[in-house]
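Right, one structure below, let's go through it.
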Amino acid sequence: MISKLSVKRFMLVFIALSIVCWGHARAEDNAREKDFKVYTLGQIVVTGKKQAEKETGISTVMTAEEIKATNSHTVPEALGHLPGVYVTTGWKNEPDVTIHGFDQSHILVLIDGVPYYETKYGELDLNQITTDNVSKIVVEKGNQSVLYGANAEAGLINIITKKPSEKPSLSAKLEVGEKNATRISVSHGMKWGVLNYWLNYTHKNSDAWRLSHNFDPRLGTIRYRSGGSVTAYLENGRKFRDNSDYKNDSFWAKVGVEPSSD
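First residue of the sequence shown: 32, per the numbering used here; consecutive thereafter.
See the structure below:
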């Protein structure tokens, strides 16, 4: 028979081994937990004290209805009704547009978002664009060079042309005035399947244009870019501007393709 003393010894040894094994296993578990513990970053809150910058540019939109209300025939005539935009007529009877004191060489001119320049002097003659072709004019004042590139220090003029609808469009205008002043404009637009087009022909002529009745004849000096100058009376004394006769024919054509969704 197994004595009680042997049983007690066996139990003591078993308990001791169990404690040792449990302690070793616990130590391994603790070591294993430290090896795979996830680092908690905590919540990070970022705040800014600098105030948001205000937009420096000023945008003005002139719709076709507003252009018609001003009885403007050309883009410069329409621009002359906008605040901060000034239009003067210089040599060659071409308009010069200024925005906040900057002349047209610092103004980017876009037609349907595409930059346009005159090949020789760089400044586009805006008189060539009649309002019969314009759906709206967008004027952005302020430095726009970051968005649109060079020549936009003073701002930009974006001329949005008309787009034909499903219904064919045909219009004609005839205007007459003193000194044989005549203006004829014919426009036609149509959409045919995926194709669309807009056509316009404009003829303008005049023998002279009248000065203000309050204008007194006086000497003036004309300075040429190539050098030299001429001093003379700037009008002929009959209230009509010297060398102000003009004749202009312009043809505008716009063709577009709109792929179908099929």
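Ideal Cβ placement from N, Cα and C applies to all residues, glycine included.
Owing to the predicted nature of the structure, the values given are computational and were not obtained by experimental measurement.
With 16 other Cβ atoms within 10 Å as the buried cut-off, status of residue 223 = exposed
If you scan the region 148 to 216 from start to end, which runs of the alpha helix (DSSP H) of 4 or more residues do you find wholly inside it?
-> 176 to 179
Check the C-beta distance from residue 195 over to residue 229 and give it rounded, since I have them as a contact under 8 Å.
-> 5 Å
Pick helix, strand or coil for residue 219, following the three-state DSSP scheme.
-> strand
DSSP state of residue 270, grouped into three classes?
-> coil
Should the region 209 to 221 be called in touch with the region 165 to 173, which here means at least 3 C-beta pairs below 8 Å?
-> no
Cutoff 6 Å; reference residue 283; Cβ partners in own chain excluding five residues on either side | 164, 231
Is residue 76 helix, strand or coil when you go by DSSP?
-> At residue 76, the pLDDT of 49 sits below 50, so the modelled position is not reliable; the number obtained from the coordinates is stated separately. Reduced to three states, the DSSP call for residue 76 is coil.
Classify residue 245 as buried or exposed, calling it buried when 16 or more other Cβ atoms lie within 10 Å of its own Cβ.
-> exposed
Run through DSSP, which three-state label would residue 263 get?
-> strand
Please work out which residues of its chain come closer than 8 Å, Cβ to Cβ, to residue 121, disregarding the five sequence neighbours upstream and downstream, and give them in chain order.
-> 127
How should residue 180 be labelled, buried or exposed, when 16 other C-beta atoms within 10 angstroms of its C-beta is the threshold for buried?
-> exposed
Please report how far the alpha carbon of residue 69 lies from the alpha carbon of residue 143, in whole angstroms.
-> Annotation note: pLDDT 33 at residue 69 (below 50); position unreliable, no value reported.
Hey, residue 140 and residue 188 are a contact pair by Cβ (cut 8 Å); roughly how many whole angstroms apart?
-> 5 Å
Can you tell me the Cβ-Cβ gap for residue 98 and residue 116, rounded? I've got them flagged as a contact below 8 Å.
-> In fact, because the Cβ distance is near 14 Å, the residues do not count as touching under 8 Å.
Check residue 113 in the structure and name its three-state DSSP category.
-> coil
How many Å lie between residue 132 and residue 111 at the Cα?
-> 14 Å
Cβ-Cβ distance between residue 124 and residue 277 below 9 Å = yes
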